[in-house]
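A quick write-up on the structure given underneath.
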Amino acid sequence: MTTAPDILCIGSVLWDIIGRAPSHMREGSDVPGRITRLPGGVAMNIAMTLAKFGLTPALLSAVGRDAEGCELVTEAEHMGLMTEYLYRSADLPTDSYMAIEGANGLIAAIADAHSLEQAGTKILAPMSDGTLGSAEAPWDSLVALDGNLTRDLLYDIANSPLFRAADLRVAPASPGKAERLLALVGHPSATLYVNLEEAGLLCQTSFDTAPDAARGLTKRGVHRVLVTDGGSLAAESHGDTLRTAQPPEVLVTRVTGAGDTFMAAHIASELQGMAPQAALERALNAAATYVSGKTPL
Numbered sequence: 026m027t028t029a030p031d032i033l034c035i036g037s038v039l040w041d042i043i044g045r046a047p048s049h050m051r052e053g054s055d056v057p058g059r060i061t062r063l064p065g066g067v068a069m070n071i072a073m074t075l076a077k078f079g080l081t082p083a084l085l086s087a088v089g090r091d092a093e094g095c096e097l098v099t100e101a102e103h104m105g106l107m108t109e110y111l112y113r114s115a116d117l118p119t120d121s122y123m124a125i126e127g128a129n130g131l132i133a134a135i136a137d138a139h140s141l142e143q144a145g146t147k148i149l150a151p152m153s154d155g156t157l158g159s160a161e162a163p164w165d166s167l168v169a170l171d172g173n174l175t176r177d178l179l180y181d182i183a184n185s186p187l188f189r190a191a192d193l194r195v196a197p198a199s200p201g202k203a204e205r206l207l208a209l210v211g212h213p214s215a216t217l218y219v220n221l222e223e224a225g226l227l228c229q230t231s232f233d234t235a236p237d238a239a240r241g242l243t244k245r246g247v248h249r250v251l252v253t254d255g256g257s258l259a260a261e262s263h264g265d266t267l268r269t270a271q272p273p274e275v276l277v278t279r280v281t282g283a284g285d286t287f288m289a290a291h292i293a294s295e296l297q298g299m300a301p302q303a304a305l306e307r308a309l310n311a312a313a314t315y316v317s318g319k320t321p322l
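What follows is the structure in structure tokens.
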């Protein structure tokens, strides 16, 4: 008997190639460091963290049938992630992400998610064919969406009967893709997880603090939003309620995946029955632990 997933993680599932150097870097820097390859992508990062919290996430994405894709699926299964709902294409290569990080943070990154974009609605087939739901009996639990999906697909999701009963949790893949989430502004169950820069892009302005950004997005029509600002005050806004919390101070050793860890830890905390303020603080602690280079549990 197949175990039912606790949450569907929809979006990028790929290989992260990350170069990290202990020194400050600028354009044109050529310095010694370490290069690693590990499973990544927003949906994958969220799912991996949820699994560490004892949950059973299912991945909905596009992964090639190439050697890279087969290895990636094997890695996911070893971590307890459900991969049977993935769209496996023989024609599309497995996506990848490349980033350079220095002591002064992320220097540059390129996300190659073209296969995910080309697959489009095919990744959602299990939600319509009765496997995980249908238009008549839609999935009625948590869904984590990421901004690597195209603007058109996010718009379709926002208006689809397949998602009318879902609890949507949404994260942009990067500031460069944040405006794609405008399709979900006004959705009655969408919770957005963004940083200060992304919040400004969604509101077509800039904010000085996370509380200001959270209020701004609420006024814009976002059902619920959590805004982080690195080591500065974070905020959550839902209707007339505003919560804030201060992340702990840590030595930053990595940044790629920190926002995904925050989102996953917050979702897990709420599923486990924690009060809203405690869930926000636990998520910030998990993200801080992650950027310090440790396992966020």
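Residue 26 is where the sequence shown starts when you use this note's numbering, and the numbers rise one by one after that.
Glycine is no exception: its CB is placed at the ideal position from the N, C-alpha and C atoms.
In three-state terms, what does DSSP make of Val316?
Along the sequence shown, read from residue 1 onward, the residue named residue 316 stands at position 291. Val316: helix per DSSP, three-state reduction.
Specify the secondary structure class of Ala308 as computed by DSSP and reduced to three states.
Counting from 1 along the sequence shown, the entry for residue 308 is found at position 283. If DSSP states are grouped into helix, strand and coil, Ala308 belongs with the helices.
Rounded to the nearest angstrom, what separates Ile76 and Ala224 at their Cα positions?
For the purposes of this step, residue 76 is taken as residue 51 along the sequence shown, with counting starting at 1. For the purposes of this step, residue 224 is taken as residue 199 along the sequence shown, with counting starting at 1. The identity of residue 76 in the sequence shown is Ala, whereas the question assumes Ile. Roughly 28 angstroms separates the two Cα atoms.
Pick out whichever of Arg245, Ala260, His248, Ala191 has its Cα sitting closest to the Cα of Leu221.
On the sequence shown, position 196 is the one that residue 221 refers to. Here the closest residue by C-alpha is Ala260.
Pairs of beta-carbons, one from the region 312 to 321 and one from the region 92 to 107, closer than 8 angstroms: are there three or more?
With a cut-off of 8 angstroms, the region 92 to 107 and the region 312 to 321 do not count as touching, because too few Cβ pairs lie within range.
Can you give the Cα-Cα distance for Leu267 and Asp171, rounded to whole angstroms?
Sequence index remark: in the sequence shown, residue 267 carries index 242 (1-based). Sequence index remark: in the sequence shown, residue 171 carries index 146 (1-based). The straight-line gap from Cα to Cα measures roughly 24 angstroms.
Smallest Cα separation from Ile148: which of Pro197, Glu109, Ile132?
Position 123 of the sequence shown, counting from 1, holds the residue named residue 148. Residue Glu109 is the option with its Cα nearest to Ile148.
Below 6 angstroms CB to CB, which residues in the same chain sit around Tyr218 once its five sequence neighbours on both sides are set aside?
Locating residue 218 in the sequence shown gives position 193, counting from the first residue. Hits under 6 angstroms: Ala196, Leu251, Met288.
In the DSSP assignment, the alpha helix (DSSP H) including Ala290 goes from what residue to what residue?
Working through the sequence shown from its first residue, we reach residue 290 at position 265. From DSSP, the alpha helix (DSSP H) with Ala290 extends over 283 to 296.
Taking only three categories from DSSP, how would you classify Leu226?
Here residue 226 refers to the residue found at position 201 when the sequence shown is read from its first residue. Note: Leu226 maps to helix in three-state DSSP.
Could you tell me the distance, in whole angstroms, from the CA atom of Phe188 to the CA atom of Leu33?
Position 163 of the sequence shown, counted from the first residue, corresponds to residue 188. Position 8 of the sequence shown, counted from the first residue, corresponds to residue 33. Approximately 11 angstroms, taken between the alpha carbons.
Where does Lys202 land, buried or exposed, given buried means 16+ other C-beta within 10 angstroms?
Within the sequence shown, residue 202 is the residue found at index 177, counting from 1. Flag for Lys202 reads buried.
Does the count of Cβ pairs from the region 79 to 97 and the region 35 to 44 closer than 8 angstroms reach three?
Contact holds: three or more Cβ-Cβ distances are below 8 angstroms.
Please go through the region 32 to 117 and give each complete beta strand (DSSP E) segment of 3 or more residues, from N-terminal end onward.
DSSP runs (the beta strand (DSSP E)) wholly in the region 32 to 117: 32 to 35, 39 to 45, 59 to 65, 82 to 85, 87 to 89, 112 to 114.
Nearest by alpha-carbon distance to Ala136: which of Ile42, Ile292, Glu204 is it?
For the purposes of this step, residue 136 is taken as the residue at position 111 of the sequence shown. The option with the nearest alpha carbon to Ala136 is Ile42.
Closest to His139 by C-alpha separation, out of Tyr122, Leu131, Met299, Ala150, would be which residue?
Working through the sequence shown from its first residue, we reach residue 139 at position 114. The shortest Cα separation from His139 among Tyr122, Leu131, Met299, Ala150 belongs to Tyr122.
Indicate the three-state DSSP secondary structure (helix, strand or coil) for Ser140 in the structure shown.
Sequence index remark: in the sequence shown, residue 140 carries index 115 (1-based). Ser140 falls in the helix class under three-state DSSP.
Nearest-angstrom Cα distance between Pro82 and Asp31?
Taking the sequence shown and counting its residues from 1, the one referred to as residue 82 is at position 57. Taking the sequence shown and counting its residues from 1, the one referred to as residue 31 is at position 6. The alpha-carbon atoms of Pro82 and Asp31 are separated by roughly 6 angstroms.
Who are Ala133's beta bridge partners in DSSP?
Taking the first residue of the sequence shown as position 1, residue 133 is located at position 108. Looking at the DSSP assignment, Ala133 forms a beta bridge with Ile125.
Run the CB neighbour count on Asp285, radius 10 Å, all protein chains shown included, and call it buried at 16 or more, exposed below.
Position 260 of the sequence shown holds residue 285. Buried is the call here.
What does the alpha-carbon distance come out to for the pair Thr314 and Thr74?
Counting from one through the sequence shown, the residue named residue 314 turns up at place 289. Counting from one through the sequence shown, the residue named residue 74 turns up at place 49. Rounded to the nearest angstrom, the two C-alpha atoms are 12 angstroms apart.
What span of residues does the beta strand (DSSP E) with Asp254 cover, start to end?
Taking the sequence shown and counting its residues from 1, one reaches residue 254 at position 229. It spans 249 to 254 - the beta strand (DSSP E) in which Asp254 sits, taken as one unbroken run.
Indicate the three-state DSSP secondary structure (helix, strand or coil) for Gln302 in the structure shown.
By one-based count along the sequence shown, residue 302 stands at place 277. Here Gln302 sits in helix by DSSP.
Please state whether DSSP places Asn184 in a helix, a strand or coil.
Along the sequence shown, one-based indexing puts residue 184 at 159. Here Asn184 sits in helix by DSSP.
Whole angstroms is fine: what's the gap from Leu276's alpha carbon to Val316's?
Counting from 1 along the sequence shown, the entry for residue 276 is found at position 251. Counting from 1 along the sequence shown, the entry for residue 316 is found at position 291. Computed Cα separation, rounded: 8 angstroms.
What residues in its chain sit with their C-beta under 8 angstroms from that of Pro186, if we drop five residues either side in the sequence?
For the purposes of this step, residue 186 is identified with residue 161 of the sequence shown, where counting begins at 1. Contacts found: Ala160, Pro163.
Could you tell me if Ser262 is buried or exposed, where buried requires 16 or more neighbouring beta carbons within 10 angstroms of its beta carbon?
Here residue 262 refers to the residue found at position 237 of the sequence shown. Buried, since its Cβ has 16 or more Cβ neighbours within 10 Å.
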